[in-house]
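Here is the structure we will look at.
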Amino acid sequence: GQLDVEGLIRNKQRRQRRKDKKSMDSTLRMAMRNCHDLRKPTPACKKESNDTINLTQKTCANFEWRELNEDNDIAPLLYDSDDDDNELDHEKFEDEEVSPGGNLGNEQGTTRMWNIGRISSAMQSNIVRDRIQALEILHQLTCDIEAQLPPLDELKFLPPFHSDLIALTHRSTAIVSDLASQSHQSQWSDQWRKTHVSLSECMKIDDQSRRVPDQSTDDGRENNCQETLDLKESRRKLQTLLDKCGSIIFCRFNDESERCRELSLRCSSVLARGASDFGKHIPFLMSAILARFPAIIYDEDLQIFVHDMKRHEEYKRGIAVERQDKENLLSGVECLQVVEKSEELRLLLCKLISSLFRGSIRRGSISMLNPYLIDIVLALHSLSRDPFSLVKIEASSILVQLMRVPQWEMCSKHFSIGLARAAIPNLRHRNSNVRLASVILFEACVCVPDREKMKGAGSEAIIDLVGFREENVLPIGAFYKSSAGVSVNTLAELVCDKNSNVRSKCCSMVANFLVCLPDRYDHQQRLLPYLLSFFNDDVENIRLTAMSAVENCGQQYEVEHTDDVIERRQYGIDGDLGCNHTDPLPMPFQNRPTLGARLFVRANTKRFFQALMNELGSWLSAVKERSVCLLRILVVYCEEHLTMEFHQTLPKLLKALEISRRERHETKENQLEGKMLDIFVLLGRYISPKTYVPLVLPRISGNIDSRTSFSEGCRHSGDSRAASAASLNALLKGSSAKAILPEARAIFSCLTSAECLGRLSSSGARIECACAVITLLQRFHRISSREITDAHFQETGRLIDLNEVISKCGEPLSLLLDDDDKELALIAREGVSLLHA
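Under full-length UniProt numbering, the residue at position 22 of the sequence shown is numbered 22, and the numbers go up by one with no gaps.
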């Protein structure tokens, strides 16, 4: 072939340039070694012309910042060594794409000089090893510098509505509770007056408070001055690193190496917390952060976050598709699309946003985040849906503080309902810490102030929390997909959560809604039964919190309904005189609730009382048990007002008692029967015998002709009659003896008849009727015949000899002494002894 003379010449020139460069580098390293030995350190406060890092003994703990003249500056090479064997082979670099960044390590441990330019070049290298080594050096350096700075406090903004931070003035004209003007006047003021106090004064970290107090001696002043100079110098170093390497670090968020992404995120977090001026780098940082999240938008009309635009458009057109915030509410399993596949790195992304937030507060430049606030909310919401539980917790905690920033109130109000709805699926998470963080987030979103409408901006999400749906309203998707028509009462699950911390926070949240929320009147009837359910909690603090909240609501009710209270107090009319208030109340009540609390509960009970009665017949034992416990609390508050619809209440109570008795005979472990009988005892204390005796006696005797017998299938079973007799026995135990006197003749006549104690009756009915007779005899045992006659005459206007009626019970009871049923014979023997006494 033909000889390529020009190619040979070019190769010869290239080799000559490489030799010259090697010679120049060797000469430069020798000169710099001599300069390093002779140069003296300069003061730290003097402005540097070129920042250089001194790395000694292969550790980053020995970094030193020195000044170099332009003539003595180091060339931007990352590999320094006197060993010719370790010289960089540029021909090999061209062939195998070896970066000039080479190996950062030096096996011989010689002293080497590093400048920021070298680290920047290595981070942009095509070799993963070089990028990792440079980022490790930078990360260790930033951590060492940050260790010299005072630590930042965690974000802790004050909630706008909290029972501990407000003063209840009880003015009927005040729709909103007045905010405390003493302890928190710097951030919150009376009558919802919006404050404009900068967070640099309220929340930023004051370096002066962390310094050594001024001393009277000169040594103390010098130490304080030196400490201030050290802080400024440390912050200046971090700012220098940020200015020189910030954009390069942000580009590494999308690196193919997971280690590079991790180190870049850690370095960015340190710089965001400690740098003195981060404003010009925020656009680059936010762009790099948002690139690590999938696309997400917010629908302002439906107030939900949209992750799949195609399915969202189908839902809006009426196709049988569930709304996206409810898709995985039942299953709890969600398939998410993520950009960053590493869970730990997604957690670092979340912490980076927190560091940017805290650093901006420390610098007093939180307003610089205003243009990116929507992007921050979208990113945090995407992180709150993350499968990793720690990411959920961290994102929820940041969103809580973001919702409480006064300067961002308009943005928080815009997203409050969507974020509250998005937090509901996490309330059913397996991890209790996730549930706890989600409860706090839901409360913060609901309590965002809407000053124009005088309400909580996110209070509409309470309807989704309790799973409320109007009657005769069914989604279109329910006709094609069964899960689309199911609503989940998430708040009911939180009330009986296994974790006490979750229950405690849920109780505080419901209490704050009922006491402090401006539009609490719209949700009192929805939230009151759940607050009353906490009265039966195992933890004492939860019970006290719930009772205190009801008492506060009662105080507000007294002020807002003075006409209902003033007459009761002036004339001393506080309930029916026939009620039995002498016996102690069940736990957790120590004494009778206040008048305002009783009126408040009565006013909001009617809406859910019948639903509660229907739950007594549920096939789930846990539901029945919670319903019975809640009913017991309602009886204490409502007292004689339950008489109003007792003809509808009693059949459901008797049916529940009958089922519980049947389950006890089958399983021998059911404790629900005892709780049901306790409720009948409480009802007997407040409901007059004139009301319940005509309703119960026909059912005991089996009279189906009476309209009050509630017979099923024109007959009364033995179990039904036994349950009715047991309920009458419990009612008589609760009623006072004087209140029973007018109905005593009818009761004795019915219970001692052949229909009740005859051999044709069932064994259970005979035993319960005999027990009721014994109870009645015991109530009259300590009352003289004259007192009985006088009380009966005052009540009915007729004279009666009750002793004659009681004596007639002796013959039926004596016939039972020789009965085959030993339990019945024992009860009859006790009754005969009472008659003779």
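From the three backbone atoms N, C-alpha and C, an ideal C-beta is built for every residue, glycine too.
Local conformation of residue i per DSSP, three classes
i, result
"D564", "helix"
"R15", "helix"
"G364", "coil"
"P449", "strand"
"G702", "coil"
"F305", "strand"
"N328", "coil"
"G578", "coil"
"K455", "strand"
"N472", "coil"
"N431", "coil"
"N115", "strand"
"V832", "helix"
"Y521", "helix"
"S247", "helix"
"I319", "coil"
"G7", "helix"
"L824", "helix"
"D819", "coil"
"R598", "helix"
"D206", "The predicted model places D206 with a pLDDT of 35, which falls under 50 and marks its position as unreliable; any figure quoted below should be read in that light. Three-state result, D206: coil."
"D255", "coil"
"G477", "helix"
"R292", "coil"
"K341", "coil"
"K690", "helix"
"K237", "helix"
"L152", "coil"
"S588", "Reading off the sequence, residue 588 comes out as Pro, not Ser. In this structure, P588 counts as coil in the three-state DSSP scheme."
"Q610", "helix"
"residue 908", "A question about residue 908 goes unanswered here, because the residues of the chain that appear run from 1 up to 837."
Residue i: first and last residue of the uninterrupted beta strand (DSSP E) it sits in
i, result
"D678", "No beta strand (DSSP E) holds D678; the alpha helix (DSSP H) holding it covers 672-686."
Supposed close pair residue i, residue j - CB separation, criterion 8 angstroms
i, j, result
"A739", "P694", "Contact doesn't hold; Cβ gap of about 14 angstroms is too wide."
"I476", "S504", "Contact doesn't hold; Cβ gap of about 40 angstroms is too wide."
"residue 887", "T142", "The requested residue 887 does not occur in the structure, where the chain is confined to residues 1 to 837."
"L402", "V391", "Actually they do not touch by this definition, with Cβ atoms about 16 angstroms apart."
"N370", "L436", "Not confirmed; about 30 angstroms, so no contact."
"L728", "A772", "5 angstroms"
"I376", "Q407", "Going by Cβ atoms, the distance from I376 to Q407 rounds to 14 angstroms, so no, they are not a contact pair."
"A828", "A770", "6 angstroms"
"S396", "N499", "16 angstroms between Cβ atoms; not a contact."
Identity of the residue in the options nearest residue i by Cα
i, options, result
"D522", "I463, F646, L697, Q303", "I463"
"S276", "S234, L302, A288", "S234"
"L517", "I319, K453, E262", "K453"
"L813", "G764, T752, T775, A765", "T752"
"T562", "P529, D576, L599", "L599"
"F388", "L349, A291, L135, M309", "L349"
"V495", "R520, P529, V400", "P529"
"D153", "I679, I687, S360, A395", "S360"
"L585", "R607, Y637, G578", "Y637"
"S749", "S720, S701, S416", "S701"
"G328", "E743, S367, L427, R664", "A small correction: the amino acid at residue 328 is Asn; Gly does not occupy that position in the sequence shown. Of the listed residues, the one whose Cα sits closest to N328 is L427."
"M676", "I687, E262, E666, L653", "L653"
"T605", "H641, E6, L577, E615", "H641"
"G764", "F780, L777, L824", "L824"
"S508", "G467, V488, V550", "V550"
"L356", "M410, Y372, G831", "Y372"
"L491", "V515, V466, K481, A478", "V466"
Residue range of the alpha helix (DSSP H) that includes residue i
i, result
"D130", "128-146"
"T582", "T582 -> no alpha helix (DSSP H), and no H or E assigned at all."
"H414", "409-423"
"L757", "754-757"
"Y372", "Taken as a continuous stretch (DSSP letters only), Y372 belongs to no alpha helix (DSSP H), as it is neither H nor E."
"Y637", "621-638"
"E493", "490-495"
"G718", "718-734"
"A511", "500-516"
Beta-ladder partner(s) of residue i, from DSSP
i, result
"Y298", "F305"
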